[in-house]
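J.: This note's numbering puts the first residue of the sequence shown at 6, with every later residue one more than the last.
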Amino acid sequence: MDRSDDPIIIDELFRKVRPEEISDDLKELGVDIDPKAFKNPTADESLGIYSVAIQVIYGKTVDDIRPEERLGLFSDSVSIIDGVDIGPNDIDFLKCGIGNLRYWRYCQRLHQTLGLEPIERYELFNPTPESFNRFITAFDVYLRFRDAVYKLFETTIASLNLLSERDMHVTRDIRSINDEYDKFKKVHNETLDEHRALSNQKETLEKKLVEAKNLFNEYKHKKNEIEGELEDVKHALSNTLLSKTKERCLFDDLSDSFIIDSAAVEKILGELDNEFQIKNGKIGLLKKNVTDLRLKYDNIVRSCTFLEELGKNLQHHHNNVTIPHVDSLQELKKLKAQCDSLGEKIKILTENRNFIVNKLEHLKKLQKQKLGREQEESQLRINLAKRFAEDTEKSSDLIREKISETNERIEGVVLDTLTYRQNTEELFHNLNRKIKHVATATKCYNERIMYINSKLQE
Numbered sequence: 006m007d008r009s010d011d012p013i014i015i016d017e018l019f020r021k022v023r024p025e026e027i028s029d030d031l032k033e034l035g036v037d038i039d040p041k042a043f044k045n046p047t048a049d050e051s052l053g054i055y056s057v058a059i060q061v062i063y064g065k066t067v068d069d070i071r072p073e074e075r076l077g078l079f080s081d082s083v084s085i086i087d088g089v090d091i092g093p094n095d096i097d098f099l100k101c102g103i104g105n106l107r108y109w110r111y112c113q114r115l116h117q118t119l120g121l122e123p124i125e126r127y128e129l130f131n132p133t134p135e136s137f138n139r140f141i142t143a144f145d146v147y148l149r150f151r152d153a154v155y156k157l158f159e160t161t162i163a164s165l166n167l168l169s170e171r172d173m174h175v176t177r178d179i180r181s182i183n184d185e186y187d188k189f190k191k192v193h194n195e196t197l198d199e200h201r202a203l204s205n206q207k208e209t210l211e212k213k214l215v216e217a218k219n220l221f222n223e224y225k226h227k228k229n230e231i232e233g234e235l236e237d238v239k240h241a242l243s244n245t246l247l248s249k250t251k252e253r254c255l256f257d258d259l260s261d262s263f264i265i266d267s268a269a270v271e272k273i274l275g276e277l278d279n280e281f282q283i284k285n286g287k288i289g290l291l292k293k294n295v296t297d298l299r300l301k302y303d304n305i306v307r308s309c310t311f312l313e314e315l316g317k318n319l320q321h322h323h324n325n326v327t328i329p330h331v332d333s334l335q336e337l338k339k340l341k342a343q344c345d346s347l348g349e350k351i352k353i354l355t356e357n358r359n360f361i362v363n364k365l366e367h368l369k370k371l372q373k374q375k376l377g378r379e380q381e382e383s384q385l386r387i388n389l390a391k392r393f394a395e396d397t398e399k400s401s402d403l404i405r406e407k408i409s410e411t412n413e414r415i416e417g418v419v420l421d422t423l424t425y426r427q428n429t430e431e432l433f434h435n436l437n438r439k440i441k442h443v444a445t446a447t448k449c450y451n452e453r454i455m456y457i458n459s460k461l462q463e
């Protein structure tokens, strides 16, 4: 875009535009160009194209450029100066001259804007095919370039809006992901606390299980010892009963076989009674020991039952608590892996969001630079317009000064010598005749311009 100020590059671009394309592009503005105009343009065709270009680029119509003709800002009264006759035709001529001057300056600005060489005054009324083709081609390229800039601007705005919407969607997705991540983190912490509580409970139960196993083994060992002692007692009791039976049988046999005196019998009976008492004492002691052993056996049986119930409870705890706890640990590992994956996704989305934000900032910066350049160009055009207004005002002052100087010279000539009066009157007569001729030509020119403008407006 910056290289478009180079006239050589612009000329290279101009040569690629065909007359048919120019005609088609200008038809969109309501302008019909005769194909013969590209080879032999007329003054009306040249002025009409310049008027259209000024109206399109600067927004100025013929009435804006030549307000004197439409509003009549100059006085129509006859100004009387000694030796000079200035009539209404001369006022019209001055109006046309000022309008033509302003129109020519707009054409100069137009050439400067389009990157063309400065235009001379005679080229407006006597255009050559080369200058006409160069200008109309430059104007067509300007229209295409302006349309391309408008489309590029619209495309850029659309892309910025799309990127803004994407940024909003990405921001909303990141917020939802952060919310899900916070919920997951909360569940993770709750699961971790539950896992720690279950671990502590597991350690406590394992300690109780070890203590119960040790107590069970101790009671089992005592049970074996008591069962051994009980067998010994039963064996001793059986032997005692057997010996008692044998002795009773022996006593009966002896009683039947022998007859002894009562003293010996009483003595033997006393000995047997003593022995019987001793045996009864031993039997009572053995019975007491058997009762104690049975109580201990019952306690051992109850302890075994309690240990069996404890084993079942521990097995049930292992199946319903420990195994699900291990499964929850596996799920916790999977959830941790998913958490890491979500963290990576969040990181990627954040990087994408930062990339999009940077791209948006870059596009905004480019757009801001572009707007700055356009503002500079607008300011430059405003400065040119101000300069043109100042130049116009200076030109008006210069014309007034020249008129006053001319009047002073005429008065000096009239006062200094009367001999040149006749020559001066003849000179002014010729000048008036030429002025009338120029006014007539200017009037025809204005009528043609108005006709061309009316055709362009149609």
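Beta carbons: idealized from backbone N, C-alpha and C, even for Gly.
On the CB-based measure, 16 or more other CB atoms within 10 Å of its CB, does H116 come out buried or exposed?
T.: H116 should be labelled buried.
J.: Output yes or no for whether 8 Å exceeds the beta carbon distance between H200 and L334.
T.: yes
J.: With three or more C-beta pairs closer than 8 Å as the rule, is the stretch 154 to 169 touching the stretch 363 to 370?
T.: yes
J.: Count the other CB atoms within 10 Å of the CB of N138; is the residue buried (16 or more) or exposed (fewer)?
T.: buried
J.: What's the call for D81, buried or exposed, on a 16-neighbour Cβ count within 10 Å?
T.: Residue confidence is low: D81 scores 43 on pLDDT, short of 50, so the model does not pin down where it sits. No coordinate-derived value is stated.
J.: Keeping to the same chain, check which residues put their C-beta closer than 7 Å to that of P123; ignore five residues upstream and five downstream.
T.: Q113, H116
J.: Just to confirm, is the Cβ distance from L242 to L315 under 8 Å?
T.: no
J.: At which residue ranges does the stretch 49 to 73 contain complete beta strand (DSSP E) runs of 3 or more residues, listed in the order of the chain?
T.: none
J.: Measure the alpha-carbon distance for I141 versus T161 and round it to whole angstroms.
T.: 30 Å
J.: Find out if the Cβ-Cβ distance for the pair R249, K284 is shorter than 8 Å.
T.: The question names Arg, but residue 249 is Lys in the sequence shown. In this structure, K284 lies closer than 8 Å to K249 by Cβ.
J.: Using 8 Å as the threshold, is the stretch 38 to 55 in touch with the stretch 175 to 182, meaning 3 or more CB pairs across them?
T.: no
J.: Please state whether the Cβ-Cβ distance between H322 and L210 is less than 8 Å.
T.: yes
J.: Would you tell me roughly how many angstroms separate the C-alpha atoms of Q374 and F158, rounded to the nearest one?
T.: Distance between the alpha carbons of Q374 and F158 is about 13 Å.
J.: Using the Cα positions of E185 and E349, report the straight-line distance between them to the nearest angstrom.
T.: 14 Å
J.: Count the other CB atoms, across all protein chains shown, that sit within 10 Å of the CB of V146; report buried if there are 16 or more and exposed otherwise.
T.: Buried is the call here.
J.: Rounded C-beta distance between I27 and T118? I'm assuming under 8 Å.
T.: That belief does not hold up - the Cβ atoms of I27 and T118 are roughly 18 Å apart, past 8 Å.
J.: E128 by DSSP, collapsed to three states: which one?
T.: Of the three classes helix, strand and coil, the one that applies to E128 here is helix, per DSSP.
J.: Relative to the C-alpha of D68, which candidate in Y108, L235, V36 has its C-alpha closest?
T.: Y108
J.: Select from V306, R171, G275 the residue whose C-alpha is nearest the C-alpha of K225.
T.: The residue with the shortest Cα to Cα distance from K225 is V306.
J.: Could you round the C-beta distance between T196 and L337 to whole angstroms and report it? I think they count as a contact, below 8 Å.
T.: Between T196 and L337, the beta carbon gap of about 6 Å places them in contact (Cβ cut-off 8 Å).
J.: Output the distance between the C-alpha atoms of N357 and E125, rounded to the nearest integer angstrom.
T.: 59 Å
J.: Using the Cβ count rule (16 or more neighbours within 10 Å means buried), how would you classify G2?
T.: The first residue shown for the chain is 6 and the last is 463, placing residue 2 beyond what the model contains.
J.: If you count every other CB in all the chains shown that lies within 10 Å of the CB of S204, and 16 or more means buried, which is it?
T.: exposed
J.: Helix, strand or coil for I162, going by three-state DSSP, please let me know.
T.: helix
J.: For the alpha helix (DSSP H) holding E26, just list the boundary residues, first then last.
T.: E26 -> alpha helix (DSSP H) spans 24 to 32.
J.: Quick check: what's the CA-CA separation for S84 versus R378?
T.: Unreliable placement is indicated for S84, whose pLDDT of 46 sits below 50; no coordinate value is reported for it.
J.: Among C309, V57, E280, which residue has its Cα nearest to the Cα of K228?
T.: C309
J.: Report, in whole angstroms, the separation of the C-beta atoms of I70 and Y111, which I expect to be a contact under 8 Å.
T.: 6 Å
J.: By Cβ distance below 8 Å, which residues in the same chain neighbour L300 in space, the five residues on each side in sequence not counted?
T.: Non-local beta-carbon contacts of L300 in its own chain, meaning distances under 8 Å to residues more than five positions away in sequence, are absent.
J.: Look at the Cβ atom of A48, then the Cβ atom of N131, and state whether they are nearer than 8 Å.
T.: Closer than 8 Å, so yes.
J.: Could you check if G120 is buried or exposed, using at least 16 other CB atoms within 10 Å of its CB as the buried criterion?
T.: G120 should be labelled buried.
J.: Run through DSSP, which three-state label would P40 get?
T.: helix
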